[in-house]
Amino acid sequence: MDVLIKAKELGESLAASPVVKRLRSAETALEADDRGMSLLEDQRLLQMELIKATREKNAEVDLKDIKDMLLGKQKEIDEYPLTHEYMEAKAEFDDLMKNINDIITFAVTGEACSPSKCSSCGGGCSHQ
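Residues are numbered in the working numbering as their position in the sequence shown, beginning at 1, plus a constant of 17.
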């Protein structure tokens, strides 16, 4: 089927793109770095703690304290070179994938994603 061949070609082109190469390089460097991985794990745990505290509405837990810790952790992540590079590379990759999805959606439906027609893009756009 021609469409599957084109999908394979798109995947191969993506894999060879500078955006994907940058992301893979950033991932490899980050995975080999204990501090960077620890920062991301700490952030994940704080996010889970915030979600749990929000759901339980526990008076003993101060949501502001958790949010402040989370903001502090995000600042550390932004300032640490390996996590900063990974986050930038991931954002660039996500933007590329969104653009590809938008182009495919437009080719299939003839309509660009817009706030009034979000069902046409399968909800993958930022207009929710």
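Idealized CB from N, CA, C, for every residue including glycine. Please read all numbers here as calculations on a predicted model, not as lab measurements.
Quick check: what's the CA-CA separation for Asp82 versus Lys90? Rounded to whole angstroms, Asp82 to Lys90 spans 12 Å at the Cα level.
Could you tell me whether the Cβ atoms of Leu62 and Thr100 are closer together than 8 Å? The Cβ atoms of Leu62 and Thr100 do not sit closer than 8 Å to each other.
For the alpha helix (DSSP H) containing Val78, list its first residue and its last residue. Counting along the chain, Val78 falls outside any alpha helix (DSSP H), and DSSP gives it neither H nor E.
Between Ala43 and Glu102, how many whole angstroms is the CB-CB distance? I'm expecting something under 8 Å. The Cβ separation is near 5 Å, so the contact holds.
CA-to-CA distance, Phe110 to Pro35, given in whole angstroms: Taking the straight line from one Cα to the other gives about 10 Å.
Straight-line gap, Ile120 to Asp112 (C-alpha atoms, nearest Å): Rounded to the nearest angstrom, the gap between the Cα atoms of Ile120 and Asp112 is 12 Å.
Using the C-alpha atoms, what's the distance from Ser30 back to Ala24? The alpha-carbon atoms of Ala24 and Ser30 are separated by roughly 10 Å.
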